[in-house]
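Numbered by mature numbering (1 follows the signal peptide of the UniProt record, and there is no 0), the letters in the sequence shown go through residues -21 to -1, 1 to 128 in order. Here is the structure we will look at, set down as structure tokens.
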Amino acid sequence: MKLINPVMAILFLTMIGLSTAMDMSIISYDDCHHTVSAGSRSDADVSRLYEEWLGKHGKVQSSLTEKDRRFEILKDNLRFVDDHNAKNLSYRLGLTKFADLTNDEYRSMYVVGSRLKRRTSTRTSLRYEARVGDALPESVDWRKEGAVA
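Next up, the structure:
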């Protein structure tokens, strides 16, 4: 009989622990950890949640006007999240770093047609650039080098 690999055992126990952990999302539960129904949040609750969300995602607005505008957008998105979660469907929504964006803003920044925009660096890497004095072969057969089959 083969002994269980200790790494696999630790991984298994970690996965069990994570799967049984309570979900403590700031938008899903109130202070007593009961689910929040749609429309039950006070303005003070939403304002406090917004400030926590700003801190968590490192968001800083350039002016009070912009902060108020973003707050109203987040409030609208939170209402959508609460309404959805109140239906007890097979999945739940939450607030992400995009919660202060309108659908149009999000789409213009991250979606092109039906595909997500890829974030690519505008800088080019010099990692594989040849240095002065390097003796480079004309070609390399990577099969002979064992890199590919």
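Positions of the beta carbon are idealized from the N, C-alpha and C atoms, including for glycine.
Rank the options by C-alpha distance to the C-alpha of residue i and give the top, closest one.
i     : options                       : result
Tyr85 : Ser69, Gly112 and Ile52       : Ile52
Asn56 : Tyr70, Leu80, Asn67 and Leu33 : Leu80
Asp47 : Tyr29, His63 and Arg58        : Tyr29
Asp22 : Arg58, Pro116 and Leu72       : Arg58
Reducing DSSP to helix, strand and coil, say where residue i ends up.
i        : result
Val91    : strand
Pro(-16) : helix
Phe(-10) : helix
Asp83    : helix
Looking at the unbroken alpha helix (DSSP H) that takes in residue i, where does it start and where does it end?
i     : result
Leu28 : Asp22 to His36
Phe59 : Leu43 to Ala65
Assuming residue i and residue j are in contact, meaning their beta carbons sit under 8 Å apart, how far apart are those beta carbons, in whole angstroms?
i     : j     : result
Leu72 : Val60 : 4 Å
Thr25 : Lys54 : Before going on, a small fix: residue 25 reads as Val here, not Thr. With 8 Å as the limit, Val25 and Lys54 qualify as a contact, their Cβ atoms being about 6 Å apart.
Quick check: is any heavy atom of the ligand ZN less than 7 Å from the C-beta of residue i?
i     : result
Leu43 : As for the ligand ZN, it is missing from this structure, which has no ligand bound.
Worksheet item: Is there contact here, the region 29 to 48 with the region 74 to 92, by at least three beta-carbon pairs under 8 Å?
Response: yes
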